[in-house]
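K.L.:
Protein sequences appear in the order of chains A and B.
In this note's numbering, each residue carries its 1-based index in the first sequence increased by 153.
In this note's numbering, each residue carries its 1-based index in the second sequence increased by 279.
Built from N, CA and C at the ideal position, the CB exists for glycine as well.
No experiment lies behind these values; they were computed from the predicted model shown.
Right, I'll just put the structure down here and ask away after.
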Amino acid sequence: MSTSVNAIKKAKEKKRGIKDMSEYYREYLRAEELPSVWCPGCGNGVIVKALVDAVAALGWEKDEVVVVGGIGCSGRTPFLLDYNTLHATHGRALAFATGIKLTRPDLRVIVAMGDGDAAAIGGNHFIHACRRNIDLTAIVFNNAIYGQTGGQLAPTTPQGKRSTTSLLGSIEPAFDLCQLALGAGAGFVARTTVFDFQELRALLKRALAHKGFSVVEVLTSCPTYFGRLNDLREPYEMLHYLKETTIPLEEAAVLDEAKSMGRLPTGVFKDEQRIEYTELYRQLCQMARSARVGSE
Amino acid sequence: MPERHVKAKEQQRLIQGNEACAFGALYAGCRFYAGYPITPSSEIMELMSRELPKLGGVFIQMEDEIASISAVIGASWAGVKAMTATSGPGFSLMQEGIGYAAITETPCVIVDCQRWGPSTGQPTKTSQGDVMQAIWGTHGDHPVIVLTASHVRDVFEMTVAAFNFAEQYRVPVIVLLDEVLSHMRENIKMPEPGELLVLERRRPTSLADFKPFADQGFLPFGAGVRFNVTGMAHDEWGFPVQGEEAERQLRRIIHKINQNAAELALYEELYLDDTRMLIVSYGITSRAAAMAVEQLRAEGVPAGLLNLKTLWPFPDFLFEELAPQIEHILVPELNLGQLVREVQRAVQGLPGRSLPVEHLGRVDGSLITPQQIYEHIRQRDQKGERKEERD
């Protein structure tokens with residue numbers, strides 16, 4: 154983690170006249186949009202903070218960064234950030250981002266999506282984005298519930314957990330988004346929680362730097378709905394729950410064992426480079442120009 | 280000189296309506312296409328996949344039509360002219376994105392090659408059943424422009440017009456083709472570069488006080504001004520608002536289109552100067568109507584044709600102008616009565632006598648023939664004459 158912290162310090166030093174950290178964050182946030190709509194105890198702000206740090210550590214200019222959000226609590230992320238931002242329709246953030254990135258491969262395109270966006274209504278877009286390997290970073294804010302609409306069952310709600318549409322406990326098995334991303338061919342796949350800020354920041358930085366499609370699933374806390382319905386009413390209880398229900402990959406020597414304990418592994422599942430889509434497309438354009446496919 | 284012969288020959292090309300649409304898009308400067316295969320629109324996508332890489336443009340086949348329109352909107356915000364093409368079932372899926380493009384004032388072109396519906400219907404059979412969906416398909420009050428074409432060269436020109444309107448007014452423009460027109464081949468003279476007007480996206484005069492949602496032109500992402508784009512009701516910077524400001528912005532984007540209805544009204548007319556029996560049609564049906572009008576004229580019936588190429592915003596003003604001389608209106612269309620309602624609305628309440636507006640529909644997947652229109656009017660005349668005799 155120390156390299157990451159140093160990098161942030163460097164980025165901070167770059168901004169002359171900045172005296173404290175709050176001023177540093179103000180540089181990246183839209184003050185008029187604060188406070189955010191997120192509830193007290195919500196973990197989303199932790200992700201936004203880690204994201205700002207990671208982008209700054211990479212030395213990216215604000216004008217070259219595009220953040221695309223979906224719909225739901227996480228979809229509010231673009232409003233807060235002083236980058237080029239787009240708040241898309243529900244589930245389609247990756248499709249919007251695809252259009253932006255293919256047109257302007259020089260822009261850094263980051264997608265902030267919820268678990269409903271990624272695993273339910275936008276599941277189709279998610280798997281195909283993993284398959285295509287366009288240089289996008291998808292950050293999945295997974296609170297295991299539909300927060301903004303009032304706490305309904307999500308495809309990521311653990312079996313047995315309650316929601317406002319599964320008051321007796323969900324009978325459905327939950328989606329494992331990282332396994333889905335791996336199966337669909339994403340090059341960088343990682344999971345962490347808002348409990349471990351250092352790891353979150355380090356993983357986001359690695360994901361952003363990865364040339365290709367990267368996925369970071371961040372388990373985040375929703376004391377308002379998930380917590381209230383599942384005896385985790387206090388924010389610290391929810392955070393503790395995230396810690397208890399996950400296990401670092403290195404510790405989970407045998408993944409099956411972790412699974413049997415009902416704990417989700419965290420860490421980096423895959424970090425493999427393969428040729429990226431916009432690069433392939435550039436080569437295709439060169440071929441098309443010389444080959445005169447289907448001559449006119 | 281032999282060279283000149285070859286060139287003159289090349290100007291004439293036997294092409295399909297769908298090919299004319301793709302060539303028109305490229306002529307207009309379209310450099311992004313995202314789509315999903317669907318009959319009877321797929322040839323547009325195939326041609327774009329072949330031609331765009333040669334021009335350094337982007338082609339991508341998406342996982343569905345929702346993704347296609349979403350990628351098109353993203354590309355537009357990245358600064359290029361972008362389009363997609365589809366047919367009924369795909370057009371239904373695209374309504375979500377069309378609404379987003381409307382509220383975010385995103386220039387884009389959506390081509391809908393109409394086929395028989397609803398649902399899967401008859402994929403290879405022609406129809407004009409998507410007129411109301413094109414105008415009102417997405418939820419909420421919203422601005423769109425809807426264009427049609429009735430022959431292959433017309434498809435080329437109307438696709439160029441669609442891009443011009445989209446860029447000029449920052450609005451999604453829908454081009455409604457008919458299955459028959461999509462697949463019909465005609466020998467056409469391809470427009471030369473510079474022959475047709477091609478408009479570019481208006482850039483703001485100053486970056487300093489630029490507001491992205493205040494009729495000041497368009498700036499893409501990465502151009503040095505950071506703002507937000509959202510499908511929520513928003514202020515001039517793209518941040519959520521409610522109440523009066525939301526209403527003001529909604530009225531502004533709709534007014535922007537409606538107040539220019541006369542400028543947006545593209546149409547062709549036949550014998551309108553002295554017509555008493557007016558046929559109002561659009562798309563492929565206008566060709567049958569034109570033949571019927573010629574036949575009626577030859578027999579002394581004062582028939583005329585108004586071929587609407589702009590279906591929305593509806594050109595009410597044309598009917599105000601024509602009403603005093605018209606005795607009867609017939610609207611033939613390949614549906615059970617869609618645009619006829621707009622015609623009825625436009626003539627309703629005009630000063631003077633009430634004007635009868637009749638509909639001639641056909642939904643068996645075949646075209647309305649000139650004979651059908653001719654006979655319909657002839658039978659009506661005979662009824663009228665008999666009535667006069669009785670009176």
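1) Using a Cβ-Cβ cut-off of less than 7 Å, list which residues of the segment 332–345 of chain B approach chain A; keep chain order.
2) If contacts are defined as beta-carbon pairs under 8 Å, then Val337 (chain B) and Ala364 (chain B) qualify, I think. What distance do you get, rounded to the angstrom?
3) Counting contacts by CB-CB distance shorter than 7 Å, is Thr242 (chain A) in contact with chain B?
4) Check the Cβ-Cβ distances between Asn297 (chain B) and every residue of chain A, and say whether any is below 7 Å.
5) So Thr509 (chain B) contacts chain A; which residues on that side make the cut at Cβ distance below 7 Å?
6) Rounded to whole angstroms, what is the Cα-Cα separation between Ala346 (chain B) and Glu322 (chain B)?
7) Is Met341 (chain B) buried or exposed, if buried means 16 or more other CB atoms sit within 10 Å of its CB?
8) With respect to the beta strand (DSSP E) encompassing Thr399 (chain B), which residues constitute its N-terminal and C-terminal limits?
9) Can you find the residues in the same chain that come closer than 6 Å, C-beta to C-beta, to Thr385 (chain B), ignoring five residues on each side of it along the sequence?
10) Can you tell me the Cα-Cα spacing of Pro308 (chain A) and Gly269 (chain A), whole angstroms?
11) Nearest to Tyr448 (chain B) by CA position, among B:Tyr312, B:Ala602, B:Glu548, B:Ile533, is which residue?
12) Just grab the DSSP bridge partners of Met391 (chain A) for me.
13) Identify the contact partners of Ile352 (chain B) in chain A, using a Cβ-Cβ distance below 7 Å as the criterion.
14) Start and end of the beta strand (DSSP E) containing Met174 (chain A)?
15) Taking only beta-carbon positions, decide if Asp270 (chain A) is within less than 7 Å of chain B.
16) Which residues mark the beginning and the end of the beta strand (DSSP E) in which Ser367 (chain A) is found?
17) Helix, strand or coil: which one does DSSP assign to Ser189 (chain A)?
18) Closer than 8 Å by C-beta to Arg481 (chain B): which residues in its own chain qualify, once you throw out the five before and the five after it? Chain order, please.
19) Helix or strand or just coil, what does DSSP make of Thr417 (chain B)?
20) Counting only C-beta atoms, is Ser371 (chain B) closer than 7 Å to chain A at any point?
21) Comparing C-alpha positions only, which one of B:Arg624, B:Ser565, B:Gly517 sits nearest to Thr427 (chain B)?
22) Just how far apart, CA to CA, sit Glu573 (chain B) and Ile652 (chain B)?
23) Whose C-beta lies closer than 7 Å to the C-beta of Gln374 (chain B) among residues of the same chain, with five residues either side of it excluded?
24) Could you give the distance in angstroms between the alpha-carbon of Glu425 (chain A) and the alpha-carbon of His240 (chain A)?
25) When DSSP labels each residue in this structure, what does Thr509 (chain B) get in the three-state scheme?
26) If you measure from the beta carbon of Cys438 (chain A) to each beta carbon in chain B, is any gap under 7 Å?
27) Rounded to whole angstroms, what's the CA-CA distance from Glu432 (chain A) to Val218 (chain A)? Just pull it up for me.
28) Excluding the 5 residues preceding and the 5 following Ser316 (chain A) in the sequence, name in chain order all residues of the same chain whose CB lies nearer than 8 Å to its CB.
29) Have a look at B:Asp552, B:Val622, B:Ile467, B:Gly503 and flag the residue whose alpha-carbon is nearest the alpha-carbon of Leu590 (chain B).
30) Between the C-alpha atoms of Ser645 (chain B) and Ala602 (chain B), what's the straight-line distance to the nearest angstrom?
31) Which residues, in order along the segment 478–510 of chain B, keep a beta-carbon less than 9 Å from a beta-carbon of chain A?
32) Going by C-alpha distance, which of B:Lys490, B:Leu551, B:Ile424 is nearest Lys588 (chain B)?
33) Straight-line CA distance for Tyr306 (chain B) to Ser461 (chain B)?
34) In chain order, what are the residue ranges of uninterrupted beta strand (DSSP E) at least 3 long that sit wholly in the segment 452–535 of chain B?
35) If Ala334 (chain A) sits next to Val347 (chain A), beta carbons under 8 Å apart, how far is it from one beta carbon to the other, in whole angstroms?
36) Using 10 angstroms around the beta-carbon of Tyr379 (chain B), count the other beta-carbons present and answer buried if the total reaches 16, otherwise exposed.
P.N.:
This is what the structure gives:
1) So the close ones are Pro332, Lys333, Gly335, Val337, Ile339, Met341, Glu342, Asp343, Ile345.
2) By a beta-carbon distance limit of 8 Å, Val337 (chain B) does not contact Ala364 (chain B). Their separation comes to about 15 Å.
3) At least one CB atom of chain B sits nearer than 7 Å to the CB of Thr242 (chain A).
4) At a cut-off of 7 Å between beta-carbon atoms, Asn297 (chain B) makes no contact with chain A.
5) Going along chain A in sequence order, the residues near Thr509 (chain B) (Cβ under 7 Å) are His240.
6) Cα to Cα, Ala346 (chain B) sits roughly 19 Å from Glu322 (chain B).
7) Counting Cβ neighbours within 10 Å, Met341 (chain B) comes out buried, since at least 16 surround it.
8) Element bounds for Thr399 (chain B): n/a, residue is neither H nor E.
9) Here the set comprises Ile352, Ser355.
10) Distance from the CA atom of Pro308 (chain A) to the CA atom of Gly269 (chain A), rounded to whole angstroms, is 7 Å.
11) Out of B:Tyr312, B:Ala602, B:Glu548, B:Ile533, B:Ile533 has the C-alpha closest to the C-alpha of Tyr448 (chain B).
12) According to DSSP, which records beta bridges pairwise, Met391 (chain A) is partnered with nothing at all.
13) The contacting residues are Phe249, Gly252.
14) Here Met174 (chain A) belongs to no beta strand (DSSP E); instead the alpha helix (DSSP H) covers 174–179.
15) Judged by the 7 Å Cβ criterion, Asp270 (chain A) is not in contact with chain B.
16) That run of the beta strand (DSSP E) goes 367–372.
17) Ser189 (chain A) falls in the coil class under three-state DSSP.
18) A distance below 8 Å between beta-carbons, with the five flanking residues on each side excluded, links Arg481 (chain B) to the following residues of its chain, in chain order: Glu446, Gln447, Gly496, Phe497.
19) Reduced to three states, the DSSP call for Thr417 (chain B) is coil.
20) No, its Cβ sits nowhere closer than 7 Å to a Cβ of chain A.
21) When the alpha-carbon of Thr427 (chain B) is set against those of B:Arg624, B:Ser565, B:Gly517, the nearest one is in B:Ser565.
22) Taking the straight line joining both Cα atoms gives about 11 Å.
23) Result list for Gln374 (chain B): Gly416, Thr417, in chain order.
24) Spanning the two alpha carbons is a distance of roughly 30 Å.
25) Three-state DSSP puts Thr509 (chain B) in a strand.
26) Nearest CB-CB separation between Cys438 (chain A) and chain B: below the 7 Å threshold.
27) Approximately 19 Å between the Cα atoms of the pair.
28) Within the same chain, Ser316 (chain A) has close Cβ partners Ile298, Tyr299, Gly304, Gln305, Leu306, Ala307, Thr310, Ser323, Tyr378, Phe379, Leu382.
29) The candidate whose alpha carbon is nearest that of Leu590 (chain B) is B:Val622.
30) Answer to the nearest angstrom: the Cα atoms are 31 Å apart.
31) Hits within the stretch, in order: Pro499, Phe500, Gly501, Ala502, Gly503, Val504, Arg505, Phe506, Asn507, Val508, Thr509, Gly510.
32) When each option's Cα is compared against that of Lys588 (chain B), the closest is B:Ile424.
33) Each residue's Cα considered, the two are about 18 Å apart.
34) As far as the segment 452–535 of chain B is concerned, its whole beta strand (DSSP E) runs of at least 3 residues are 464–468, 507–509.
35) The Cβ separation is near 19 Å, so there is no contact.
36) So Tyr379 (chain B) ends up on the buried side.
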